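FYI, in the numbering used here the residues of the sequence shown are 995 to 1290. We put the CB at the ideal spot given by N, CA and C, even for glycine. What you are looking at is a predicted structure, and each value in this text was computed from that prediction instead of being measured. Each remark here refers to the structure printed beneath this line.
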Amino acid sequence: MAAPAPHGVPSSPEAGSIPPALAEPLRNDLEEVADEVVEAILKHVPEYAGPSTPKLRSVAVEALTLLGDSPVSPEAVHDCAHAARWPVPRQVAVIALATSTDLREETWPLTASDVLVDMESRPPRMLVPDPHNQSHSAGRAFALSLRDRPAAVGPTVSVTQAARSLLWATRALGLMGRGILPRQGVVRCVDHLSTLLLHSDEPLLGELRSHVLAPLDTVSAGQRSRHAETLLAWLLSGSNVPDVAARLHLHPQTVRYRLRRLRQLFGDALDEPDSRLDLILALRAESLREPDSSGQ
């Protein structure tokens, strides 16, 4: 079973776990539920919140990103956009923002008029239209506009799939908080897809790491770190010793010594393609572990 998504964002059912005969009816039911939720949210917005107010724009973001992987119909999108006086874009990206204890509006991000912002949800979020065509989420100016608030930019998706962009942005934000991704600044999911994939099922990742790297359990913590670093560099370099030495700033003879020891520990697994792939995944996960992690 997949690990639950951070910050209470629901994850989709595990791939292959739903019989094909039920998959399409279930998808239709989810779409109907998503549309009903959007309609209910818009219906219960206080009457004093006029169509151009920040409240309605915030509600529009909430409605479009509420149901995890469940899509929202084009009709529901149109209703949200109409209520918020927001031109419907072809594509969007959702930006998940770190929660702050300072709730004053003066601390909120500075945004363009076509960016929808919801600072009341958890995590706070921004819905950016057509991110590939504009500079809303790029460059130093954007980072400054967030007022030093860490943020994760989700993948670009169709507007009906905004919740999926939020799902991955939220997961990236969680990895930022753990130090697996950079804690500060703006992290873009598209720049860290392999890390997000590795950590999409944490228990399974732990099993892979424990099983594949079991030979390293026989060495000291210091040796484990050095051997793991050397082995990953060797695998990624195509078994090129001079390249490993250059990457790690070591003498080639030191690399050869470590590789002889690694041969003793891992044996033929270092030459088998499937085992090498497992080793790369496990060692990559090992290198990304939280700075304060200890033990296995």
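D1073 classed as buried or exposed, judged by whether at least 16 other C-beta atoms fall within 10 angstroms: Buried, because 16 or more other Cβ atoms sit within 10 Å of the Cβ of D1073.
Enclosing beta strand (DSSP E) for P1209 [first to last residue]: Element bounds for P1209: n/a, residue is neither H nor E.
Whose CA, out of H1076, P1236, L1207, L1242, lies closest to the CA of T1224? If you compare the alpha carbons of H1076, P1236, L1207, L1242 with that of T1224, the shortest gap goes to L1242.
Can V966 and G1168 be called in contact, C-beta distance under 7 Å? For the chain, the structure presents residues 995 to 1290; residue 966 sits outside this window and is missing.
Mind checking A1156: buried by the 16 CB within 10 Å criterion, or exposed? The residue is buried, with at least 16 neighbouring Cβ atoms inside 10 Å.
For V1206, which residues in the same chain have their Cβ closer than 7 Å to its Cβ, ignoring the five residues on either side in sequence? Only D1272, L1273, A1276 meet the Cβ criterion.
As an exercise, report each continuous alpha helix (DSSP H) stretch of at least 4 residues that is fully enclosed by the region 1166 to 1192, in chain order. As far as the region 1166 to 1192 is concerned, its whole alpha helix (DSSP H) runs of at least 4 residues are 1187 to 1192.
Could you compute how far the alpha carbon of T1164 sits from the alpha carbon of Q1247? The alpha-carbon of T1164 is positioned some 45 Å away from that of Q1247.
Considering only residues of the same chain and omitting the five flanking positions on each side of T1101, which have a CB-CB separation below 7 Å? Counting only Cβ-Cβ distances below 7 Å, and skipping sequence neighbours, we find S1094, R1141.
List the whole-angstrom C-beta distance separating P1125 from T1150, where the pair is believed to meet the contact cut-off of C-beta under 8 Å. The Cβ separation is near 5 Å, so the contact holds.
Cβ neighbours of R1084 in the same chain (closer than 8 Å, five flanking residues each side left out): If the five residues before and after R1084 are omitted, its C-beta is found closer than 8 Å to the C-beta atoms of D1124, S1152, V1153, all from its own chain and listed in chain order.
Could you tell me the distance, in whole angstroms, from the CA atom of S1231 to the CA atom of L1192? Distance between the alpha carbons of S1231 and L1192 is about 21 Å.
Please classify S1159: is it buried, with 16 or more other beta-carbons within 10 angstroms of its beta-carbon, or exposed? By the 10 Å Cβ count, S1159 comes out buried.
Cutoff 6 Å; reference P1103; Cβ partners in own chain excluding five residues on either side: Around P1103: S1139, L1140.
Which of helix, strand or coil does DSSP assign to P1123? Residue state for P1123 is assigned as strand, using DSSP reduced to three classes.
Quick check on DSSP: helix, strand or coil for D1112? It is a strand residue.
Would the beta-carbon of A1166 fall within 7 Å of that of V1180? No, the Cβ-Cβ distance between A1166 and V1180 is not below 7 Å.
Can you name the start and end residues of the alpha helix (DSSP H) that Q1155 belongs to? Careful: Q1155 lies outside any alpha helix (DSSP H) and carries neither H nor E.
Which first and last residues belong to the beta strand (DSSP E) in which L1091 is found? Judged by DSSP secondary structure, L1091 falls within the beta strand (DSSP E) whose first and last residues are 1085 to 1091.
For the candidate residues L1091, A1137, I1174, L1229, whose alpha-carbon lies nearest to that of S1115? Out of L1091, A1137, I1174, L1229, the CA that lies nearest to the CA of S1115 is found in L1091.
For the putative contact between L1121 and V1086, defined by C-beta atoms under 8 Å, what is the C-beta separation to the nearest angstrom? About 6 Å; that satisfies the 8 Å criterion.
Assuming V1238 and W1228 make a contact with CB atoms under 8 Å, what is their CB distance in whole Å? So it is a contact: roughly 5 Å between Cβ atoms.
Please report the residue range of the beta strand (DSSP E) in which A1146 lies. That run of the beta strand (DSSP E) goes 1145 to 1147.
Selected residue, minimal CA-CA separation from A1208, among L1256, S1067, S1107, A1145: Distance from the Cα of A1208 is smallest, within the candidate group L1256, S1067, S1107, A1145, for L1256.
Between R1143, L1110, A1075, which has its C-alpha nearest D1096's C-alpha? The option with the nearest alpha carbon to D1096 is R1143.
Verify whether the separation of the beta carbon atoms of R1203 and A1279 is less than 7 Å. Cβ distance < 7 Å, so R1203 and A1279 count as in contact.
Could you tell me which residues DSSP puts in a beta bridge with V1151? V1151 is bridged to V1086.
Beta-carbon within less than 7 Å of S1269's beta-carbon, same chain only, minus the 5 sequence neighbours each way: which residues are those? Annotation for S1269: A1263 place their beta carbon closer than 7 Å to its own, counting only its chain and skipping 5 residues before and after.
Report the option in L1198, I1174, L1253 whose CA atom is closest to the CA atom of A1303. Outside the shown range of the chain, which is 995 to 1290, sits residue 1303, and nothing can be said about it.
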